[in-house]
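Enquirer: Below is the structure I would like to discuss, written out as structure tokens.
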């Protein structure tokens, strides 16, 4: 419930390991650029190997956020996603670690609040994603 969320607190969302097969399969369907799906083209490209699609990276973050926070927060709906920054490439076999910081809780209605959070996804040595979300979260109803 929104009433229980503490501004400034950070939730550890756990981790997820991205495989080459998963990266390629996702990209073939949703972001079929050569450096995401073709090992030969990727090896000749800027990163020297296949890297994950930014859309895939965001999807991994969403999975971690749902399992690590949203399912216990009674989310009504997402409202906005902004300031998405892909700061480092995600390479095959990378372990990604997620966290979500509660930036603001605005009690907009008697039954829900507008929650602003900042999500981050890291590997062991670099930040790969930051994103700001606005979501509606249920409030505890007055008795």
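Numbering (our numbering), first residue to last: 14 to 156. Beta carbons are placed, not taken as given, at the ideal position from N, Cα and C, and that holds for glycine. As the structure is a computational prediction, the values presented were derived from the model and not from experiment.
According to DSSP, which residues form a beta bridge with residue 117?
Expert: Answer by DSSP bridge pairing, in chain order: 129.
Enquirer: Put residue 112 into one of helix, strand or coil per three-state DSSP.
Expert: Reduced to three states, the DSSP call for residue 112 is strand.
Enquirer: Is the stretch 59-68 touching the stretch 87-107, taking contact as three or more C-beta pairs under 8 Å?
Expert: Yes: at least three Cβ pairs fall under 8 Å.
Enquirer: How many Å lie between residue 55 and residue 77 at the Cα?
Expert: Cα to Cα, residue 55 sits roughly 28 Å from residue 77.
Enquirer: Which value, in whole angstroms, describes the spacing of the CA atoms of residue 53 and residue 35?
Expert: Their Cα atoms are separated by approximately 18 Å.
Enquirer: Report, in whole angstroms, the separation of the C-beta atoms of residue 13 and residue 32, which I expect to be a contact under 8 Å.
Expert: Past the edges of the chain, shown from 14 to 156, lies residue 13, and the structure says nothing about it.
Enquirer: Report back the beta-carbon spacing between residue 30 and residue 108 to the nearest angstrom; my notes put them in contact at under 8 Å.
Expert: Indeed they touch by this definition, with Cβ atoms about 5 Å apart.
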